Amino acid sequence: MKYNIAVAATAEEEISGAGGIEYTLPYLPIIDCAIVGEPTQMQMAIAERGLLVLDCTSYGKPGHAARNDGDNAIYKALGDIEWFKNYQLPKVSELLGACKMSVTVIETENKAHNVVPAQCRFVVDTRVNELYSFEEVLDIIKENVKCEIKPRSTRLRSTTISLDHPLVKAGLDLGRTYYGSPTTSDKALMPFPALKIGPGDSARSHTADEYIYIEEIKNGINLYIQLLNKVLL
Numbered sequence: 072m073k074y075n076i077a078v079a080a081t082a083e084e085e086i087s088g089a090g091g092i093e094y095t096l097p098y099l100p101i102i103d104c105a106i107v108g109e110p111t112q113m114q115m116a117i118a119e120r121g122l123l124v125l126d127c128t129s130y131g132k133p134g135h136a137a138r139n140d141g142d143n144a145i146y147k148a149l150g151d152i153e154w155f156k157n158y159q160l161p162k163v164s165e166l167l168g169a170c171k172m173s174v175t176v177i178e179t180e181n182k183a184h185n186v187v188p189a190q191c192r193f194v195v196d197t198r199v200n201e202l203y204s205f206e207e208v209l210d211i212i213k214e215n216v217k218c219e220i221k222p223r224s225t226r227l228r229s230t231t232i233s234l235d236h237p238l239v240k241a242g243l244d245l246g247r248t249y250y251g252s253p254t255t256s257d258k259a260l261m262p263f264p265a266l267k268i269g270p271g272d273s274a275r276s277h278t279a280d281e282y283i284y285i286e287e288i289k290n291g292i293n294l295y296i297q298l299l300n301k302v303l304l
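Heads up: the sequence shown is residues 72 to 304, going by our numbering.
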């Protein structure tokens, strides 16, 4: 072939940890483009949403639950949680659809049932399309909620690869379709064009008894070989 191939089997993809692909890249030569082997049923995910995880805290005042004392932080958080549930960012992407905000964790420090909580913490999983920067989304959120907002990271931004890229053109020649992926992968941490394509079905991910068929792996290997032989970098 007219180009070199490097295969990197990296860790910490699920947590986007610093010991994963970012740790690996300095040890590799210059990379022109990449294939990310996430499960896509061997169709081409040419774009994916960015991931912005928000740690939110609502503050109240402690008191005894038996009396009308204190200021319940849970009740204060509920108004903001309702906003996250119902608000829709107006810009909708043709590839990635609308942005999505989901409250996934809620907790207080209380161990006793009879104490009005002074703090309520909750986590918002925010999936951002390519039409918004993280900074724009954060500005909109802060204008509408009363809780304290702290983003865990702003590294996992929305990415896309051009339809004119040789990898994508080779896939189209092989009858592959393309789409925008709602999930985030190591693709977000790669400072070069990357195509997400791999065997298996993303809908099975994080489910009980997650699985992949052997035939899917065999077909994936064959298609990877065809794709790599066809692409002209």
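For every residue, glycine included, the Cβ atom is placed at its ideal position computed from N, Cα and C.
Everything numeric in this text was worked out from a predicted model, so none of it was measured.
According to DSSP, simplified to helix, strand and coil, what is Ala-148? helix
Q) If you draw a straight line from the C-alpha of Gly-131 to the C-alpha of Val-216, how long is it? A) 15 Å
### Paired residues, beta bridge with His-135 - DSSP
Val-186
### Length at least 3, wholly inside the stretch 177-231: the beta strand (DSSP E) runs in chain order
190-199 and 219-222
Rounded C-beta distance between Phe-155 and Val-124? I'm assuming under 8 Å. No, Phe-155 and Val-124 are not in contact; Cβ-Cβ is about 13 Å, not under 8 Å.
| field | CA nearest to the CA of Leu-303, picked from Cys-104, Leu-260 and Ile-152 | value | Cys-104
Check Ala-241 in the structure and name its three-state DSSP category. helix
Is it true that the stretch 164-173 meets the stretch 137-150, where meeting means three or more beta-carbon pairs spaced less than 8 Å apart? no
(request) Measure the CB-CB distance between Leu-266 and Leu-227 and report whether it falls below 7 Å. (result) no
Below 8 Å on the Cβ atoms is my guess for Ile-177 versus Phe-193; work out the distance and round it to an integer in Å. 4 Å
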